[in-house]
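Heads up, the thing below is written out as structure tokens.
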Amino acid sequence: MNSDVPESRIRVYGDKPVDSDGKFVLYWMIANRRAHWNYSLDRAVDWSEELGLPLVVLEALRCDYRWASDRLHKFIIEGMQDNAADFDRAGVTYYPYLEQKPGDGRGLVKALAEKAAVVVSDDFPCFFLPAMLRAARRQIPVRFELIDSNGIYPMRETDRVFSRAYDFRRHLQKNLKPHLAESPAENSLEGIDLPRAFPLYDNFTDQWPIADLDHAIDHLDEFPIDHDVKPAPDKGGSEAAQERLKLFVKKRLDNYENRNQPEEDAASELSAYLHFGHISAHQVFAAVADEDGWAPNKLSDKTSGSSSGWWGGSEYFESFLDELITWRELGYNRCALTNDFDQYESLPDWAQETLAEHADDPRDHIYSLEEFEQAKTHDELWNAAQRQLVLEGRIHNYMRMLWGKKILEWTESPRDALEVMVELNNKYALDGRNPNSYSGIFWVLGRYDRAWGPERPIFGKIRFMSSDSAARKLRLKQYVARYNDGERSLFD
Numbered sequence: 004m005n006s007d008v009p010e011s012r013i014r015v016y017g018d019k020p021v022d023s024d025g026k027f028v029l030y031w032m033i034a035n036r037r038a039h040w041n042y043s044l045d046r047a048v049d050w051s052e053e054l055g056l057p058l059v060v061l062e063a064l065r066c067d068y069r070w071a072s073d074r075l076h077k078f079i080i081e082g083m084q085d086n087a088a089d090f091d092r093a094g095v096t097y098y099p100y101l102e103q104k105p106g107d108g109r110g111l112v113k114a115l116a117e118k119a120a121v122v123v124s125d126d127f128p129c130f131f132l133p134a135m136l137r138a139a140r141r142q143i144p145v146r147f148e149l150i151d152s153n154g155i156y157p158m159r160e161t162d163r164v165f166s167r168a169y170d171f172r173r174h175l176q177k178n179l180k181p182h183l184a185e186s187p188a189e190n191s192l193e194g195i196d197l198p199r200a201f202p203l204y205d206n207f208t209d210q211w212p213i214a215d216l217d218h219a220i221d222h223l224d225e226f227p228i229d230h231d232v233k234p235a236p237d238k239g240g241s242e243a244a245q246e247r248l249k250l251f252v253k254k255r256l257d258n259y260e261n262r263n264q265p266e267e268d269a270a271s272e273l274s275a276y277l278h279f280g281h282i283s284a285h286q287v288f289a290a291v292a293d294e295d296g297w298a299p300n301k302l303s304d305k306t307s308g309s310s311s312g313w314w315g316g317s318e319y320f321e322s323f324l325d326e327l328i329t330w331r332e333l334g335y336n337r338c339a340l341t342n343d344f345d346q347y348e349s350l351p352d353w354a355q356e357t358l359a360e361h362a363d364d365p366r367d368h369i370y371s372l373e374e375f376e377q378a379k380t381h382d383e384l385w386n387a388a389q390r391q392l393v394l395e396g397r398i399h400n401y402m403r404m405l406w407g408k409k410i411l412e413w414t415e416s417p418r419d420a421l422e423v424m425v426e427l428n429n430k431y432a433l434d435g436r437n438p439n440s441y442s443g444i445f446w447v448l449g450r451y452d453r454a455w456g457p458e459r460p461i462f463g464k465i466r467f468m469s470s471d472s473a474a475r476k477l478r479l480k481q482y483v484a485r486y487n488d489g490e491r492s493l494f495d
């Protein structure tokens, strides 16, 4: 079959054939939750055109995933609303399904797959999705493909797991250029020639009703999820993601060098949209490259691994791409190629050794998970960061690093620190449960870093950070006042 999707992004998940008697092509959308710039959708459209069959897009949301909450559900359902509108305009059958109680959705994918000629889904290497795909593979009786539309560099293009950003960056400088010429279609549905969409069979929709998305948004209390984690201020979906990208490119990109200043509006604030697949890294790359006037002929021939100079663009352009591509995709590299990315034992040997040597060091403060969660520490700067997380679903980039370092310092052991960071981040952060967020958490404990001196209590040779040092380097007065003013209850 002719396809514009690179082979390096296609994973045939099992050896079953295409069903020549299938009624449609099924795209089971689980991670790349968007109708634009999506290699998975491109591949499903290719199959539909090749076979002359309608396309059905299933986007389902279970209710019993860990940390399920009003915050996460609302953000995802808002994205489903945008997708419903996009697929309706294109005449493609879109099947949104919201599980009302645990187990209600069981059998839906299997039932659809039994009517399908081929099934396409998203290759996402984190959270419960890989296990879900393994279980589905046993039940899908036709050709089943997983497509990587996560980042600029195909995550399975190499079998090497990189332990440092420098090494990964140097690898990219040697190997990324051909992939910069590849991109998913800006609009896979524009000008397609598919058989007309059709109503779904009654036996599907009777047992698994098509979701009333507008009703669901207004009645989150009907789902058996955590209602204490309130929706964040940011709206989910591709439309909101596009607006955020425009804001960043036109108003913030040229100030990106100040992204570590919490009182500056310099960060992209795109991570939640990238995590839920509401926007593509390819679209983000295209937008910032266009704004900077960048072209591939500006690339340097030097492959030194330096974080600046290789792209041949402005300083802020290169700095942003190092975050978008090097650091973000470094996490995808590990998650795609290892099974222990979320385990303490995956830390570098030197980090485990130095933390073990200092495990019994006395702590001036030890806090429980509940005290951390409620921002009840002695440190007003840390409390502000935690309150931002609970209230807004994010922490400012620099403050998230400090947030983690202090948890390491104020828990009984490094393993306890890891548990606290994972629980709080994945429960409250919109961009949690993601390869990149696990990179940040484990960086606190030494992953992707090196041994530092002088050796310190508790930290040993792990990089140290303090609130006092942050206060000397950063402007924080307004940040602290904003999130601690009046110390309003976090859980009312």
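All the letters of the sequence shown, read from the start, carry residue numbers 4 to 495 under the numbering used here. C-beta atoms are modelled at their ideal positions from N, C-alpha and C, and glycine is treated no differently.
Nearest-angstrom beta carbon gap, residue j and residue i [assumed within contact, 8 Å]
i	j	result
Ser-470	Asp-363	That belief does not hold up - the Cβ atoms of Ser-470 and Asp-363 are roughly 24 Å apart, past 8 Å.
Gln-176	Thr-341	Contact doesn't hold; Cβ gap of about 23 Å is too wide.
Val-145	Val-21	6 Å
Val-252	Glu-225	39 Å between Cβ atoms; not a contact.
Asn-437	Cys-129	6 Å
Spatial neighbours of residue i in its chain, beta-carbon cut-off 8 Å, leaving aside the 5 residues before and after
i	result
Trp-314	Trp-297, Lys-301, Leu-302, Ser-303, Phe-320, Glu-321, Leu-324
Pro-365	Pro-460
Lys-180	Pro-299, Leu-302
Neighbourhood of residue i by C-beta distance below 6 Å, restricted to the same chain and skipping five residues each side
i	result
Glu-260	Tyr-319
His-399	Pro-265
Cys-430	Note that residue 430 corresponds to Lys in the displayed sequence, not to Cys. So the list reads Trp-70, once near-sequence residues are dropped.
Asp-495	Note that Asp-495 scores 48 on pLDDT, short of 50, meaning its location in the model is unreliable and no value can be drawn from it.
Leu-101	Leu-64, Ala-214, Ala-219
Tyr-42	Val-8, Arg-12, Ile-150, Ser-152, Pro-187
Spatial neighbours of residue i in its chain, beta-carbon cut-off 7 Å, leaving aside the 5 residues before and after
i	result
Asp-45	Asp-7, Val-8, Pro-187, Ala-188, Ser-191
Leu-203	Thr-96, Tyr-98
Trp-40	Pro-187, Glu-189, Ser-283, His-285, Gln-286
Glu-53	Met-4
Three-state secondary structure (DSSP) of residue i
i	result
Gly-463	strand
Trp-497	Because the chain here runs from 4 to 495, residue 497 falls outside it and cannot be looked at.
Val-15	strand
Asp-221	helix
Ser-349	helix
Asp-1	Missing from the structure shown is residue 1; the chain here goes from 4 to 495 and no further.
Val-112	helix
Phe-147	strand
Pro-99	strand
Ser-317	coil
Val-164	coil
Leu-61	strand
Ser-442	helix
Ser-72	strand
Val-122	strand
Asp-295	helix
Asp-229	strand
Leu-250	helix
Residue i beta carbon near the ligand MG (any heavy atom closer than 8 Å)
i	result
Ile-228	The ligand MG is not part of the structure shown, which contains no ligands of any sort.
Proximity to residue i [Cα-Cα], best of the options
i	options	result
Asp-367	Glu-356, Glu-294, Glu-376, Thr-380	Thr-380
Gly-239	Pro-105, Leu-479, Ser-274, Tyr-30	Ser-274
Ala-139	Ser-152, Val-123, Phe-251	Val-123
Ala-34	Met-135, Val-164, Gly-110	Met-135
Glu-412	Phe-279, Asp-343, Ile-369	Ile-369
Leu-277	Gly-154, Asp-345, Ala-290, Lys-19	Gly-154
Leu-392	Leu-350, Ile-465, Pro-236	Pro-236
Asp-488	Lys-26, Ala-473, Ala-378	Ala-378
Ser-72	Met-83, His-230, Tyr-169, Glu-160	His-230
Ile-143	Lys-118, Val-164, Met-404	Lys-118
Glu-272	Leu-29, Gly-396, Val-48	Gly-396
Asp-196	Pro-57, Phe-165, Asp-221	Pro-57
Ala-290	Ser-472, Ser-349, Arg-262, Leu-248	Leu-248
Glu-326	Asn-263, Pro-351, Glu-348	Asn-263
Asp-126	Arg-453, Leu-433, Tyr-16	Tyr-16
Val-164	Pro-227, Leu-477, Arg-450	Arg-450
Ser-317	Ser-472, Lys-104, Asn-258, Arg-337	Asn-258
Assigned exposure category for residue i - 16 Cβ within 10 Å defines buried
i	result
His-174	buried
Ile-328	buried
Ser-311	exposed
Thr-414	buried
Asn-234	The identity of residue 234 in the sequence shown is Pro, whereas the question assumes Asn. Label assigned to Pro-234: buried.
Gly-110	exposed
Lys-408	buried
Leu-256	buried
Asp-91	exposed
Lys-464	buried
Ser-497	In the structure as shown, the chain starts at 4 and stops at 495, and residue 497 therefore has no counterpart that could be examined.
Gly-55	exposed
Thr-357	buried
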